[in-house]
Amino acid sequence: MPTLPHSVWLNVARYLPALLLRDLYAVNHSFFEIAMDCRYRQLIFAYMDLRMVKNLVRLRDPAVAKRVQILHVYPGFLPDPNGAPSLFDQGKPECPVQKRSFLTLLLDIANTFLEQRNSLSRHPKYRMMEALRKPEDVVQILADVLAGLPNVTDYYVTWHGLPAIASSPAPFVVSPLRPNLRKLSLNLSLENVQSLLSPDSDISRLEEFHLCIHSESVYDEHERSYVLQNHLAPAISRFQSTLKTLVISSWEPTDLSPLFQNIDCIPNLDDLSINIPVESCHLGDPAGLNAFLQKHQNSLRCLRLRASQYGGQGIMPASLTSLYDWICKAIDSVELPKLRVLDTASSLFPIEASLLCVQRFSRTLTSLSITGVYQSYDCVAETLTHLSNSPAGEEPLKLRLGPVLLSPQLVDLIAARIPNLHQLELLVRKIVPIDADAASSPTNNSRSSKSKQIDGFIFAMESRRYPTWRLHQLSLVTDILPDRDHYEAALGKAFFGSIPSLHCFT
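Each residue of the sequence shown is one higher than the last, beginning at 670 in our numbering.
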């Protein structure tokens, strides 16, 4: 049989599960390369187990090391510096000393010599296990291995709830910080910023930076401000010539205004995501974020705002009101003339704040996502009003909304307000034949009631036509269909019949 080109085997591999691909290295040379890439393209060092030891052994081979592109490190595997035994250094049970004959002693000595001779030819995995007896041994092996990964482009580090980097023997964690790095994700305590993002770190082509700050271990507010202003902000500013995507979040409410105010202008930054803790003080003085947005108004094309609740004391009754006020001040007088994508997909993000953002930035939007909080018919109507009145109204739009109550009247509204809508995704809480207030009306969740309501919706849609609506793709995200296969087909038939331009329904 003639040899097929490598590109053909690559196309075949696209349709095979990853777990199957990993074991196809013996089929031919092409599948060997594909299987090895599948095995070693992405590695996680988080637990000191046999798998990690095997990977450390194999990564000493340059032919394997060159395949690693995505690396995750959580150094919880470091041996306890207080002297606790490591995984492979468990002590032997104590046995009482018994009087032994000369022959027994001679046999013991002979066995010892045999073990020493055989240890020279043992598998590298077992020699590696014997080496992992001290913290400095683990660190040295990891530093050697990680320093020998030449093609790592995505690097994820999680370091919080652990001893500070400065007090830990952990030079290995900075080994992959090389010029070819494209994406860096740091989930770390504030005290570790200076050690990990040192001024001499060799990162010159970073395009994407994700940062999640844990500040609970730094109690003094002045110290927090000093680290943010004099270490973290300059570190981010060093990427200004190449950075395009920036994600900033805080595990608990923390004043990050010194960070926002002291980051230099990043001229190529076009994608910004900010995760805002729901609890007061959120991210500190909103003037900090406001100044950062103003500074990048000529480059930002995508803005994602999230409300988060990770740490802290919990949501208080006034938290959402406080968050709304904070967002109002953060975006006050901000103009983003190049903004195309706005995303406020979060169950904790106040719908009033989402509408405020839409009102301010709708002039140029081509993609809008508002999900998480239930949106009534009137709320959807207000959102569509802002979009339909924008100067960008003639451009193809992508819209994602929900949860909503899907009714024929809602479809009528969207079709009439945004005839140029290209892609629509609705998170559907309920399907009804006529619009009603889902929050106040009694709910009947029986299977027969759901079927009756969906049948009524389909019947109402069959008599509707939207000849001027340019919708190409429609997606309904829901788990309420009593008979999924039947109703997916019935809904698809109804929508294809009423929307002539529709090409895809899911």
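All C-beta atoms in this analysis are idealised placements derived from N, C-alpha and C, irrespective of residue type, glycine included.
Quantities reported herein were computed from a predicted structural model and do not represent experimental measurements.
Residue i and residue j: beta carbons closer than 8 angstroms?
i: L1079; j: Y1043; result: no
i: P1019; j: L1056; result: no
i: L740; j: L818; result: yes
i: T1035; j: E1064; result: yes
i: I810; j: L719; result: no
i: M721; j: F701; result: no
i: A999; j: N959; result: yes
i: S918; j: A956; result: no
i: M717; j: R736; result: no
i: P1102; j: G1125; result: yes
i: R1086; j: T1054; result: yes
i: V1049; j: L1096; result: no
i: S858; j: A812; result: no
Residues in its own chain within less than 6 angstroms of residue i by CB, not counting five upstream and five downstream?
i: L1037; result: L1011, L1068
i: T827; result: Y743, N856
i: L846; result: S870, I872
i: A1163; result: I1127, M1130, E1131
i: C711; result: It is Gln, not Cys, that sits at residue 711 in the sequence shown. Same-chain partners within the cutoff: I739.
i: I905; result: I932
i: R708; result: R691
i: S942; result: V916, R973
i: H879; result: S854, V916
Using the rule of at least 16 other Cβ atoms within 10 Å of the residue's Cβ for burial, across every protein chain shown, is residue i buried or exposed?
i: N899; result: exposed
i: S1084; result: The question names Ser, but residue 1084 in the sequence shown is Ala. With 16 or more other Cβ atoms within 10 Å, it is buried.
i: K1119; result: buried
i: H965; result: buried
i: V862; result: buried
i: R893; result: buried
i: D1001; result: exposed
i: A976; result: buried
i: F1030; result: buried
i: C934; result: exposed
i: H1155; result: exposed
i: P674; result: exposed
i: H1172; result: exposed
i: R1153; result: exposed
What residue range does the beta strand (DSSP E) around residue i cover?
i: N856; result: 852 to 858
i: F878; result: 877 to 883
i: W1138; result: Taken as a continuous stretch (DSSP letters only), W1138 belongs to no beta strand (DSSP E), as it is neither H nor E.
i: E622; result: Residue numbering for the chain in the displayed model covers 670 to 1175; residue 622 lies beyond these limits and cannot be assessed.
i: V1097; result: 1090 to 1100
i: Q711; result: 711 to 714
i: S977; result: 971 to 977
i: L740; result: 739 to 742
i: T827; result: 823 to 828
Enumerate in chain order the residues of its own chain whose CB-to-CB distance from residue i is below 7 angstroms, with the five nearest sequence positions on each side excluded.
i: D939; result: K913, S968, L969, R970, C971
i: S1167; result: M1130, R1133, R1134, Y1135
Got a sec? Which residues, its chain only, sit under 8 angstroms from residue i by beta carbon, not counting five neighbours each side?
i: Q978; result: P946, V947, E948, I984, L1017
i: L679; result: S699, I703
i: L685; result: L693
i: R874; result: P848, N849, L850, R851, T911
Alpha helix (DSSP H) containing residue i: first to last residue?
i: Y1046; result: 1046 to 1057
i: S676; result: 675 to 682
Starting from the N-terminal side, write out each stretch of the beta strand (DSSP E) that is 3 residues or longer and does not extend beyond the region 891 to 964. Listed in chain order, they are 914 to 919, 940 to 946.
4-residue-minimum alpha helix (DSSP H) runs that sit fully inside the region 1146 to 1174, ordered along the chain: DSSP assignment within the region 1146 to 1174 yields the following whole alpha helix (DSSP H) runs of 4 residues or more, N-terminal first: 1153 to 1167.
Any chance you could list the beta strand (DSSP E) runs of at least 3 consecutive residues sitting entirely within the region 1010 to 1041, in chain order? Those beta strand (DSSP E) runs which fall completely within the region 1010 to 1041 and span 3+ residues are 1010 to 1012, 1036 to 1040.
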